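Participant: Encoded as structure tokens, here's the structure I'll be asking about.
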Amino acid sequence: MAAKKRNYHDQIIVDNDIKLREMLLALPKFCMNYFRGIEHTTSSRTRIAYAYDLGVFFSFMKENNPAFRNTEIRDFKLGMLEEITIEDIEEYMEYLKYYSKDDSEHTNREVGIKRKLSSLKSFYNYFFCNNLINENPPAKVRVPKLHEKEIVRLDVDEVARLLDEAESGDNLTAGQKKYHKKTRLRDIALLTLLLGTGIRVSECVGIDIDDIDFKNTGIKIRRKGGYETIVYFGDEVEKALKDYLAERINIPAEPGSENALFLSMQNKRLNVRSVENLVKKYASLVTSLKKITPHKLRSTYGTNLYKETGDIYLVADVLGHKDVNTTRKHYAAIEDERRWKARNAVKLRETGD
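1161 is the number of the first residue of the sequence shown in this note's numbering; add one for each residue after it.
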């Protein structure tokens, strides 16, 4: 009997699970218990990230701690976790700022170091809470303080110029213009969708043609965490999608991508990296445009929605933020501006003519 065909999102999960199994072959055997224990509370993507971070940690310990130098990482025992001190972990955090692995140089700033420390805390906490170890040194290590970054977003004129460039392709090279004829409607639809809904790139590339409901002007997407929701789009997005779909339905997609909304030049489902490169290409062609990524298009939509509605809870819901405080942090500057504008909203005494 033929195997049931998986959709894009389910296939990603299967691929990640296979990749995790391969990564576990390079980690201590007892790590299997940890990943089995967190399977139902984490996404497959998160588990991949944890496995990578633990690989860096155990490599550091083997190379820098004399107690483990003569033991293969695969043969590390669970008891080794209790031999590692707070000082060892602090040295590891210092190491993370710059290190070499697999013939590549790696650097981490506060965000990267915090993530790797969080992975280690989760790892230790699992064994500690299950009474398999008696010490939990990472719990005593302070998380690096993060420096707030300015949220980069596009102004109204910059959005218009970016879309105009995707439509005209005037500043493209001769070679790029040849491809632009084939991808023009796709690129306009993709950029308009990102700017007009604020969805993530990973959500965008997973959209199938039959996920679009023009009657109710909504698109079914799969959010981080695996749950499905509907995002609604306006007239500009609707027009761009319909223009592209009139062309898309005549493109014979490669097997496995038949229902994918956005296709590459090879007629396969567009991937995240390709979208990132596409945004970078058009942004670089617009004079004086800020250095942007697809996430900046998402921030632009969130900013515009908040300015129009003033409803931080609506913005959090539309963007798919689980915690409204995440949204509030990103748009704090706008909240300050709104509070300042409201300073004279309440009158204490009537003023005479």
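Backbone N, C-alpha and C define an ideal beta-carbon position, used for all residues, glycine too.
Keep in mind it's a predicted model, so treat the numbers as computed, not measured.
Around the C-beta of Gly-1470, are 16 or more other C-beta atoms found within 10 angstroms, so that it is buried, or is it exposed?
Facilitator: Along the sequence shown, read from residue 1 onward, the residue named residue 1470 stands at position 310. Classification for Gly-1470: exposed.
Participant: Shortest alpha-carbon distance to Tyr-1255 belongs to which of Pro-1454, Ile-1246, Ile-1472 and His-1266?
Facilitator: Taking the first residue of the sequence shown as 1, we reach residue 1255 at position 95. The shortest C-alpha separation from Tyr-1255 is found at His-1266.
Participant: Tell me, which residues are paired with Arg-1429 by DSSP?
Facilitator: Position 269 of the sequence shown, counting from 1, holds the residue named residue 1429. Partner(s): Leu-1423.
Participant: Mapping the DSSP letters down to three states, classify Gly-1378 as helix, strand or coil.
Facilitator: The residue labelled residue 1378 in the question sits at position 218 within the sequence shown. In the structure shown, Gly-1378 sits in a strand (DSSP, three-state: E or B).
Participant: Is the separation between the beta-carbon of Asp-1570 and that of Leu-1345 shorter than 8 angstroms?
Facilitator: Residue 1570 lies beyond the residue range present for the chain, which begins at 1161 and ends at 1513; the question has no answer from this structure.
Participant: Quick check: the Cα distance between Asn-1225 and Ala-1186, rounded to an integer number of angstroms?
Facilitator: Within the sequence shown, the letter at position 65 stands for residue 1225. Within the sequence shown, the letter at position 26 stands for residue 1186. So the alpha carbons of these two residues sit roughly 18 angstroms apart.
Participant: Under a three-way DSSP split, which group does Glu-1223 fall into?
Facilitator: In the sequence shown, counting from the first residue as 1, residue 1223 sits at position 63. The answer is helix: DSSP assigns Glu-1223 an H, G or I state.
Participant: Keeping to the same chain, check which residues put their C-beta closer than 6 angstroms to that of Phe-1236; ignore five residues upstream and five downstream.
Facilitator: Taking the sequence shown and counting its residues from 1, the one referred to as residue 1236 is at position 76. Hits under 6 angstroms: Pro-1188.
Participant: Glu-1251 to Ala-1209, Cα distance in whole Å?
Facilitator: One-based indexing of the sequence shown puts residue 1251 at position 91. One-based indexing of the sequence shown puts residue 1209 at position 49. Rounded to the nearest angstrom, the two C-alpha atoms are 21 angstroms apart.
Participant: Please list, in chain order, all residues of the same chain as Met-1161 whose beta carbon is under 7 angstroms from its beta carbon, the five residues on each side excluded.
Facilitator: As a first step, residue 1161 is located in the sequence shown; it is residue number 1 there, counting from the start. Summary for Met-1161: the model assigns pLDDT 45, below 50, so the residue's position carries little reliability; its value from the coordinates is reported in the next sentence. Contacts found: none.
Participant: Which whole-angstrom value is the C-beta distance of Arg-1429 and Leu-1423, which I expect to be below 8 angstroms?
Facilitator: If you number the sequence shown from 1, residue 1429 lands on position 269. If you number the sequence shown from 1, residue 1423 lands on position 263. Right, the Cβ-Cβ distance comes to about 7 angstroms (below 8 angstroms), so this counts as a contact.
Participant: Tyr-1212 and Phe-1283 - do their beta-carbons sit closer together than 8 angstroms?
Facilitator: Residue numbering aside, residue 1283 sits at position 123 when the sequence shown is read from its first letter. Residue numbering aside, residue 1212 sits at position 52 when the sequence shown is read from its first letter. Not in contact: Phe-1283 and Tyr-1212 (Cβ atoms no closer than 8 angstroms).
Participant: Out of Ala-1400, Lys-1165 and Asp-1371, state which residue places its alpha-carbon closest to the alpha-carbon of Ser-1388.
Facilitator: The residue you call residue 1388 lines up with position 228 of the sequence shown. The residue asked about is misnamed: residue 1388 is Glu in this sequence, not Ser. Answer by Cα proximity: Asp-1371.
Participant: Let me make sure I understand the geometry here. Which of Gly-1480, Lys-1165 and Thr-1463 has the alpha-carbon closest to that of Asp-1315?
Facilitator: As a first step, residue 1315 is located in the sequence shown; it is residue number 155 there, counting from the start. Answer by Cα proximity: Thr-1463.
Participant: Does DSSP put Tyr-1258 in a helix, a strand or coil?
Facilitator: Against the sequence shown, residue 1258 aligns to sequence position 98. Strand, per DSSP.
Participant: Is it buried or exposed for Phe-1374, if we count other Cβ within 10 angstroms and need 16 for buried?
Facilitator: Numbered from its first residue, the sequence shown carries residue 1374 at position 214. That one is exposed.
Participant: For His-1200, which of helix, strand or coil comes out of DSSP?
Facilitator: To locate residue 1200, count along the sequence shown from 1; it is residue 40. Here His-1200 sits in coil by DSSP.
Participant: In this structure, what does DSSP give as the bridge partners for Glu-1265?
Facilitator: Translated into positions along the sequence shown, residue 1265 becomes position 105. According to DSSP, Glu-1265 bridges with Ser-1260.
Participant: Spell out a yes or no on whether the stretch 1316-1331 and the stretch 1270-1277 are touching, meaning 3 or more CB-CB pairs, one atom from each, closer than 8 angstroms.
Facilitator: No, they do not touch.
Participant: In the DSSP assignment, find the beta strand (DSSP E) that holds Val-1391 and state where it starts and stops.
Facilitator: The residue labelled residue 1391 in the question sits at position 231 within the sequence shown. Run containing Val-1391: 1388-1392, per the beta strand (DSSP E) assignment.
Participant: What does the Cβ neighbour count give for Cys-1191, buried or exposed, with the cut at 16 atoms within 10 Å?
Facilitator: As a working note, residue 1191 is residue 31 in the sequence shown. Buried, because 16 or more other Cβ atoms sit within 10 Å of the Cβ of Cys-1191.
Participant: So what does DSSP say about Thr-1483, is it helix, strand or coil?
Facilitator: In the sequence shown, residue 1483 corresponds to position 323, counting from 1. Reading off the sequence shown, one finds Asp at residue 1483, where the question assumed Thr. DSSP places Asp-1483 in coil when its eight states are reduced to three.
Participant: Check each candidate in Ser-1264, Glu-1242 and Gly-1386 and name the one with the smallest Cα separation from Tyr-1168.
Facilitator: Counted from its first residue, the sequence shown places residue 1168 at position 8. Nearest C-alpha to Tyr-1168: Gly-1386.
Participant: Using C-beta distances below 7 angstroms, list every residue in its chain close to Pro-1454, excluding the 5 sequence neighbours before and after it, in chain order.
Facilitator: Residue mapping note: residue 1454 aligns to position 294 of the sequence shown, counting from 1. Taken in chain order, the residues that qualify are Leu-1354, Val-1361, Val-1435, Glu-1436 and Val-1439.
Participant: For Ile-1411, which of helix, strand or coil comes out of DSSP?
Facilitator: If you number the sequence shown from 1, residue 1411 lands on position 251. It is coil, neither helix nor strand.
Participant: Nearest to Ile-1172 by CA position, among Phe-1393, Ile-1249, Glu-1182 and Ser-1203, is which residue?
Facilitator: Here residue 1172 refers to the residue found at position 12 when the sequence shown is read from its first residue. Per the C-alpha coordinates, the member of Phe-1393, Ile-1249, Glu-1182 and Ser-1203 positioned closest to Ile-1172 is Ser-1203.
Participant: For the alpha helix (DSSP H) holding Leu-1345, just list the boundary residues, first then last.
Facilitator: Here residue 1345 refers to the residue found at position 185 when the sequence shown is read from its first residue. Note, Leu-1345: alpha helix (DSSP H), 1334-1357.
Participant: Find the nearest neighbour of Lys-1305 within the set Met-1253, Ala-1413 and Arg-1408, judged by alpha-carbon distance.
Facilitator: The sequence position of residue 1305 within the sequence shown is 145, counting from 1. Among Met-1253, Ala-1413 and Arg-1408, the Cα nearest to that of Lys-1305 belongs to Met-1253.
Participant: Just verifying my parser: in three-state terms, what is the DSSP assignment at Asp-1324?
Facilitator: Here residue 1324 refers to the residue found at position 164 of the sequence shown. Residue state, collapsed to three classes: helix.
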